[in-house]
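Sequential numbering from 38 applies to the sequence shown in my numbering.
Below is one structure; the comments refer to it alone.
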Amino acid sequence: MNGPDTFPLEIKLGDLKGIISILKENEGSAPLSKLAEDSESEFEILFPLLEACRILGLVTVINGTATLTEAGNALNIKDFRKKIGQMLKGLEPFRSMLERLKKHHMTTEELFDFMLSQGLVTQINRETDIRKFRKEMIGLLIRTEMCSYDPDEDVWKPL
């Protein structure tokens with residue numbers, strides 16, 4: 038399914054930005070317990086966020102302490118969405134998705150089916166999974182300026 042450097046689609050940009058902001062406020066490093074407390078996140082939410090930060094090369098976690106990397110320290114919170122979008126373009130599943138969209142604009146269902154065929158998403162209940170996938174893609178692809186989305190036609194296009 039997901040490889041070691043496949044960005045988790047369920048990650049919300051606001052949560053990711055929050056983790057980076059908290060670490061910046063704490064001089065670039067904080068114990069996981071403090072990070073959980075400051076972010077008001079349970080560990081089952083915090084760990085996937087930290088993994089997403091690791092995949093992006095923004096954070097390391099060693100001996101229970103999260104630390105910003107050089108790239109994490111350099112990240113300007115004001116340009117966060119755009120910079121994260123640039124980083125995500127080189128990572129799965131976005132790399133495959135964008136390559137496919139450049140060849141053929143797709144509906145959400147077509148994009149979901151492509152991702153399913155690549156083993157990058159799972160399907161339990163098709164209708165619910167496609168709705169969830171659309172919501173996640175709106176949160177990631179549009180906010181990071183990787184794609185445009187026409188809700189009337191349900192069509193995705195790369196920017």
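Where a beta carbon is used, it is the ideal one built from N, C-alpha and C, also for glycine.
- DSSP places T102 in the uninterrupted beta strand (DSSP E) bounded by T102 to L105.
- Straight-line spacing of the CA atoms in I59 and E77 works out to 11 Å.
- Here the alpha carbons of A103 and I56 stand approximately 10 Å from one another.
- The distance from the Cβ of D42 to that of L177 is about 16 Å, inconsistent with a contact at the 8 Å cut-off.
- Here A108 is near L95, since their CB atoms are less than 8 Å apart.
- Comparing alpha carbon positions, the residue from W193, G65 and L53 closest to L138 is W193.
- Rounded to the nearest whole angstrom, the C-alpha separation of D166 and F151 is 14 Å.
- A residue is called buried when at least 16 other Cβ atoms come within 10 angstroms of its Cβ; R171 meets this threshold and is buried.
- Around the CB of T159, fewer than 16 other CB atoms lie within 10 Å, so the residue is classed as exposed.
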